[in-house]
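Comments concern the structure below.
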Amino acid sequence: MKVENADISWLESGLPYSTHFQDIYYSKDDALAESRHVFLDANRLSDRWRDAGSAESFHIGELGFGCGLNFLQTCKLWQDCAKRPSRLHYIAFEKYPLSYEHMKRVHRCWLALEEQSSALLAHYMDHSVGCHRLQLADGITLDLYFGDAHAQLTQRMSEACPRIQCWFLDGFSPAIDDELWQESLMQVIAASSDETTTLSSYSVAGKVRNAISNAGFDVEKIEGFGRKRHSLLASRSAVSADAANKDTRVPGKTPWFVLPKPRPKGRSAVVIGAGLAGCSTAYSLAQRGWQITVFDAGQEPASGASGIARLALRCRLFNSHSPEAEFYLQAYLFALRQFKQLGRLDFLDWETCGVMQLLDAMNKRTPLLRETVEQLYSEAVVQLLDSSAASAAAGLDVSNEAWHFPHGGAVGSASLCQRYLAHPSIRLVLGTAITELIQMNGGWKLKSNGSDTEAADVVIIANSYGALSFSQCDELPLQVSRGQSTELTSNEKSELLTSIVSGGRSVFPAIDGRHIVSASYTDSSRLEVSATDRVENIKVAGENFTNPKILGEEAIADSVALRCNTPDHTPIVGAVPDTEYMKSTYSGLARNARAEFSAPGRYLQGLYLNVAHGSNGLASCPLSAEFLASLITGENLPLSRNMVDMLNPARFLINDLKKQRN
């Protein structure tokens with residue numbers, strides 16, 4: 008899942024030169040003026056934004072992100088416009104991203120864009136494939152896709168995503184980079200567009216014009232910039248525009264996963280559960296201007312499994328590239344960006360202390376293979392350290408080699424939930440257990456112990472295994488496991504620990520004279536503190552170090568929480584399926600697991616799930632919340648189709664049908 012960075016050399020003129028494509032990245036005459044002429048002005052962006060008035064959002068797509076010039080220019084124009092939609096969503100594709108240092112060097116030349124450059128570089132990552140969601144100021148979101156553009160666009164869940172209203176085609180010349188100008192890619196672009204879409208490019212090569220025209224655009228040559236006589240502008244043809252207005256949901260081989268377009272009547276929602284999943288979901292929706300009410304049965308936020316005093320952020324590692332592996336990688340990177348941003352904007356108990364995951368802490372059934380992990384993951388994500396190097400990085404002598412997450416760290420769970428809930432558009436209601444959901448008039452009535460509590464068009468269930476109390480979710484295969492963490496008094500030697508060390512237990516650096524040891528893992532739902540588990544925590548934690556007694560045995564306190572998991576160890580995130588309809592419609596799967604169907608799945612309007620994050624919730628909850636917020640509000644989804652299908656709550660009932668369990 009590593010990405011290959013652009014191979015850059017620098018000309019005497021100071022221009023960046025691609026040694027792979029043997030061409031410069033932008034014009035040596037006036038790069039900023041050319042960018043404005045060919046892309047911003049040709050597509051009439053300022054006029055269209057003004058005319059759009061109070062529209063919710065405007066979506067721009069770009070092939071060939073390169074140095075980010077068009078994006079920076081678009082951001083500046085957006086910020087200078089007095090009248091515009093509320094949100095700008097910029098979706099860019101780049102197969103060979105510039106390294107951070109090269110990007111920074113290029114941007115030094117564009118003093119007029121210094122403000123926009125600083126905002127981008129504060130979030131920019133240069134090392135992993137997939138969609139990197141960067142959330143900037145002034146309602147600007149950048150979805151930066153690294154990897155093959157055709158593959159990434161094909162995996163875009165088009166039926167649940169908005170159409171893109173403007174395209175910038177700014178790859179290297181078709182004579183040297185034929186891949187970005189293929190007709191098959193233009194067809195995918197057309198399928199992602201609507202009747203208002205325009206498209207521009209500096210290239211007017213015959214092959215380019217034909218490919219765009221054959222995809223359903225009316226193409227014209229317009230005045231070029233500088234020494235270039237012409238540039239290209241295209242808009243949807245009348246026939247293609249009619250087709251774009253039709254429902255383009257294609258069932259394919261998995262019609263049960265085809266999602267309906269969201270139809271929220273208003274901009275308010277209820278979230279059930281004030282743990283990490285619920286609080287992060289509330290925050291992502293509130294960031295979009297929604298009014299959110301969060302209900303929780305406890306007397307304070309993060310009172311369930313999220314309530315362990317400190318949680319470790321690291322990436323869940325895999326031996327092969329899969330939707331699951333890519334999801335956890337993207338989730339980890341998104342959480343890093345979000346925590347950094349939250350900490351910069353306001354207080355957050357987040358410490359980038361690094362995480363050491365000892366090799367003998369791995370699942371013995373499917374051990375991680377060093378060669379494959381090093382091939383899959385960038386060193387910016389994880390590095391294998393021998394015991395000597397790991398000990399030096401940790402501050403204490405550890406007992407084995409370790410996978411080191413240099414940017415991982417620890418966060419106070421209560422601090423994070425409180426930071427999410429501090430958003431002014433979120434109302435928190437504690438001590439209120441929602442016990443029943445009744446569908447009515449396209450919305451939902453919420454009951455608490457028989458009494459009406461609230462009515463909402465959109466409801467997100469994020470109360471862990473408590474979701475089973477609702478009839479709409481009672482067939483979900485949620486599992487519960489007990490975890491007990493222990494706090495130990497630090498000593499002069501243990502105070503030297505500077506990194507989280509994770510083996511059979513995770514040991515956190517001391518804060519206020521205390522180490523947290525987290526956590527046991529048993530198939531039990533008991534909430535009472537166990538003296539046996541305390542002894543076991545201390546013993547197993549000590550085995551992380553060459554001196555197993557270095558932590559001491561003076562326990563101060565214990566806490567117990569129940570994790571929520573699934574049989575496939577993957578969260579449940581998405582729209583709640585209409586179970587009876589799905590069982591009836593796809594009952595033929597019980598006779599033939601390969602049977603094909605034309606009818607798309609049916610989901611309960613306005614009802615969503617975000618549960619079962621297990622012991623990886625600190626990494627997986629923020630991106631899951633962002634995905635749900637995008638799904639509910641009709642934005643571009645930050646997850647691929649394969650990832651969305653993998654998280655879909657309907658996957659269990661479909662698998663049960665195929666295995667004749669229903």
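In this text, residue positions in the sequence shown follow the numbering used here: the first is 8, and each later residue adds one. Where a beta carbon is used, it is the ideal one built from N, C-alpha and C, also for glycine.
- When the alpha-carbon of S406 is set against those of S509, C173, S191, the nearest one is in S509.
- Residue environment: A119 is assigned as exposed (fewer than 16 neighbouring CB atoms within 10 Å of its CB, all protein chains considered).
- Assignment of W357 by DSSP, reduced to helix, strand and coil, places it in the strand class.
- In the same chain as V226, and ignoring 5 residues on each side of it, the C-beta atoms closer than 7 Å to its own belong to R216, I219, S220, L239, A241, in chain order.
- When secondary structure is reduced to three states using DSSP, N77 falls in the helix class.
- Note that the C-beta distance between I557 and S501 is below 8 Å.
- Approximately 6 Å separates the beta-carbon atoms of N551 and L365; this is inside 8 Å, confirming the contact.
- In this structure, the straight-line span from the alpha carbon of D87 to that of S199 is close to 28 Å.
- Remark: C-beta atoms of S488 and Y427 do not approach each other more closely than 8 Å.
- Under the three-pair Cβ rule at 8 Å, the region 561 to 571 counts as touching the region 308 to 327.
- Annotated three-state conformation of R170 is coil, per DSSP.
- Within the DSSP bridge table, the entry for K228 names L239 as partners.
- Within the region 132 to 187, the alpha helix (DSSP H) runs of at least 4 residues that lie entirely inside it are, in chain order, 156 to 161.
- The region 279 to 291 and the region 301 to 308 touch, with three or more beta-carbon pairs separated by less than 8 Å.
- For the region 428 to 468, the continuous beta strand (DSSP E) assignments of 3+ residues that do not extend past its boundaries occur at 433 to 436, 443 to 447, 450 to 455, 458 to 463, 466 to 468, in sequence order.
- For the pair R321 and A284, the Cα-to-Cα distance works out to about 17 Å.
- The three-state reading of DSSP puts M363 in strand, counting E and B together.
- Counting only the Cα atoms, L105 lies some 12 Å from L128.
- Within 10 angstroms of the beta-carbon of G449 lie fewer than 16 other beta-carbons, which makes it exposed.
- The Cβ atoms of C74 and Y33 sit closer than 8 Å to each other.
- For D54, the enclosing alpha helix (DSSP H) stretches over residues 52 to 59.
- Under the three-state reduction of DSSP, C286 is assigned to helix.
- C-alpha of G178 to C-alpha of D184: approximately 7 Å in a straight line.
- Counting other Cβ atoms within 10 Å of its Cβ, D353 stays below 16 and is therefore classed as exposed.
- D201 carries a strand assignment under DSSP once its states are collapsed to helix, strand and coil.
- Where C571 is concerned, the enclosing beta strand (DSSP E) starts and stops at 562 to 572.
- The beta-carbon distance between R163 and T204, rounded to whole angstroms, is 15 Å. This is too long to meet the 8 Å contact definition.
- As DSSP reads the structure, D30 sits in a beta bridge with S25.
- By the Cβ rule, the region 510 to 520 does not count as touching the region 374 to 393, because fewer than three pairs are nearer than 8 Å.
- Here the region 383 to 399 does not lie against the region 532 to 551, with fewer than 3 beta-carbon pairs under 8 Å apart.
- Contact check for G402 against L495 fails: the beta carbons are separated by 8 Å or more.
- The beta-bridge partner set that DSSP reports for W117 is empty.
- Note that the C-beta distance between L614 and V580 is not below 8 Å.
- Spanning the alpha carbons of N326 and A222 requires a straight line of approximately 39 Å.
- For V215, the uninterrupted alpha helix (DSSP H) segment begins and ends at 213 to 221.
- Judged by DSSP secondary structure, F346 falls within the alpha helix (DSSP H) whose first and last residues are 330 to 352.
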